[in-house]
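Peer 1:
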Amino acid sequence: ISQQKMGEYKLIHDRFKTNDLKRTVATCLELTMCGNYIIIGYSSGHMDKYNIQSGIFRGTFGNPTAHEDAVRGVVTDGLNQFVISGGQEGELRFWRLKDNKGVKKISLDSGIAKMILHRESGLLTVALDDWSAQVIDIDTKIIVRKLYGHGNQITDIAFSPDSKWLISSSLDKTIRIWDLPTGTCVDQFSIPNPTSSLTMSPVGDFLATTHTGHLGVYLWANKSCFTHVSLRPLPEDYEAPVIPLPSMAADASQMPPKEGEEAQEEIK
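Just so you know, my numbering puts 38 at position 41 of the sequence shown, and the rest follows in order with no gaps.
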């Protein structure tokens, strides 16, 4: 990024140069914790490993493919021991990073739409096509929580820094906060436009969101960081209030000058 140019290597396997796989696209990728390898998942179900510095191909997962359908997500643990991949067919698979061999397979209730791993706690959350989310402990390799409540496809998921909360957004125009120790929804609100992506700040004091039809990034303050908040599980028939998007923005005096304007100011 500092040199503002593209790298010299193009990571593509020879199999994708054949007529049968020419239309294959990369659907997900993950950089290992050490920064030496990149794992790429494809719409064909293939999953390859490359050295990020030399661009050398370091092997493929599965024989011949890692999944029967498209690879929807791939993550690596914090110790560089395992690679975890999720497929559109609804299977979660664990692989050894060292030799690319499969070690475990978990069949989920529906196809996998999105995955996110909290490396410090070893908790993996998978958003499914049936609008639910499931939390897996990657050390024991078992499902520890199943979260239901959204009324449409989940668009994004994020952990709080301490992994006690899971924040999820959906096309039903709601954002939900789940308390993972109890497995319950403790907060929920509706917004005018569906959320396309979200993430928590490193210390958990702000939630950043983007929304369909809007170009800005919106910040929401976490009240529990500034005052005492008592959170209780919400009833199933809870009607979430509709909250407008944050409207405060920097005025013209706070905006950085454009290149031409900056040059004129220096001349003056």
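By construction, the Cβ of each residue, glycine as well, lies at the ideal position given by its N, Cα and C atoms.
Less than 8 Å between the CB atoms is what I'm expecting for L105 and L89, so what's the real figure, rounded?
Peer 2: Here the question's residue 105 lines up with position 108 in the sequence shown. Here the question's residue 89 lines up with position 92 in the sequence shown. That pair is a contact at about 6 Å.
Peer 1: Ignore the nearest five residues each way along the sequence and tell me which others in K170's own chain have a CB closer than 6 Å to its CB.
Peer 2: Here residue 170 refers to the residue found at position 173 of the sequence shown. If we look at K170 and ignore the five residues flanking it on each side, its Cβ neighbours are S187, I188, P191.
Peer 1: Report the rounded CA-to-CA distance for F156 versus Y6, giving the unit in angstroms.
Peer 2: Counted from its first residue, the sequence shown places residue 156 at position 159. Counted from its first residue, the sequence shown places residue 6 at position 9. Going from the Cα of F156 to the Cα of Y6 covers about 33 Å.
Peer 1: From which residue to which residue does the beta strand (DSSP E) around S187 run?
Peer 2: Taking the sequence shown and counting its residues from 1, the one referred to as residue 187 is at position 190. That run of the beta strand (DSSP E) goes 181 to 187.
Peer 1: Run through DSSP, which three-state label would K14 get?
Peer 2: The residue given as residue 14 occupies position 17 in the sequence shown. Helix at K14.
Peer 1: Using CA atoms only, rank isn't needed, just tell me which of K14, R55, Q85 is closest to C25.
Peer 2: Sequence index remark: in the sequence shown, residue 25 carries index 28 (1-based). For the residues K14, R55, Q85, the minimum Cα distance to C25 belongs to Q85.
Peer 1: Whose C-beta lies closer than 6 Å to the C-beta of D136 among residues of the same chain, with five residues either side of it excluded?
Peer 2: For the purposes of this step, residue 136 is identified with residue 139 of the sequence shown, where counting begins at 1. Contacts found: G119.
Peer 1: Near G87, what residues of its chain come up, given a Cβ to Cβ distance below 6 Å and the 5 sequence neighbours on each side ignored?
Peer 2: Residue mapping note: residue 87 aligns to position 90 of the sequence shown, counting from 1. The answer, listed in chain order, is L105, S107, G108.
Peer 1: Taking buried to mean at least 16 other C-beta atoms within 10 Å of its own C-beta, is G83 buried or exposed?
Peer 2: The sequence position of residue 83 within the sequence shown is 86, counting from 1. Per the 10 Å Cβ criterion, buried.
Peer 1: Give the DSSP-derived three-state secondary structure of S269 in the structure shown.
Peer 2: Nothing can be reported for residue 269: it is not among the residues displayed for the chain, which extend from -2 to 265.
Peer 1: Excluding the 5 residues flanking I9 on each side, which residues of the same chain have their C-beta closer than 6 Å to its C-beta?
Peer 2: Position 12 of the sequence shown holds residue 9. The answer is none, since no qualifying residue turns up.
Peer 1: Are three or more beta carbon pairs between the segment 15 to 30 and the segment 52 to 61 nearer than 8 Å?
Peer 2: Output reads no: the segment 52 to 61 does not touch the segment 15 to 30.
Peer 1: Using a Cβ-Cβ distance under 8 Å, would K161 count as near chain C?
Peer 2: The structure shown has no chain C; it contains just one protein chain.
Peer 1: For D45, which of helix, strand or coil comes out of DSSP?
Peer 2: If you number the sequence shown from 1, residue 45 lands on position 48. D45 falls in the strand class under three-state DSSP.
Peer 1: With burial defined as no fewer than 16 other Cβ atoms inside 10 Å of the residue's Cβ, what is the status of F91: buried or exposed?
Peer 2: For the purposes of this step, residue 91 is taken as residue 94 along the sequence shown, with counting starting at 1. With 16 or more other Cβ atoms within 10 Å, it is buried.
Peer 1: Can you have a look at H43 and say buried or exposed, based on whether 16 or more other CB atoms are within 10 angstroms of its CB?
Peer 2: By 1-based counting over the sequence shown, the position of residue 43 is 46. Buried.
Peer 1: For Q185 and Y235, I'd like the C-alpha separation in whole angstroms.
Peer 2: On the sequence shown, position 188 is the one that residue 185 refers to. On the sequence shown, position 238 is the one that residue 235 refers to. Straight-line Cα distance between these residues: approximately 9 Å.
Peer 1: According to DSSP, what are the bridge partners of R229?
Peer 2: Counting from one through the sequence shown, the residue named residue 229 turns up at place 232. Answer by DSSP bridge pairing: none, since R229 is not bridged.
Peer 1: Please name the residue in D134, F203, S166 whose C-alpha comes closest to that of L177.
Peer 2: Walking along the sequence shown from the start, residue 177 turns up at place 180. Here the closest residue by C-alpha is D134.
Peer 1: Using 8 Å as the threshold, is the C-beta distance between G70 and K111 below it?
Peer 2: As a first step, residue 70 must be located in the sequence shown, where it is residue number 73. As a first step, residue 111 must be located in the sequence shown, where it is residue number 114. Yes; because the gap between Cβ atoms is below 8 Å, this pair is in contact.
Peer 1: Hey, quick one: how far does the beta strand (DSSP E) through E27 stretch, first residue to last?
Peer 2: As a working note, residue 27 is residue 30 in the sequence shown. 23 to 28 is the span of the beta strand (DSSP E), which, as asked, contains E27.
Peer 1: Just to confirm my understanding: we take W175, look at its own chain, exclude 5 residues before and 5 after, and list those with CB closer than 6 Å. What are they?
Peer 2: Locating residue 175 in the sequence shown gives position 178, counting from the first residue. Same-chain partners within the cutoff: L144, L163, C182.
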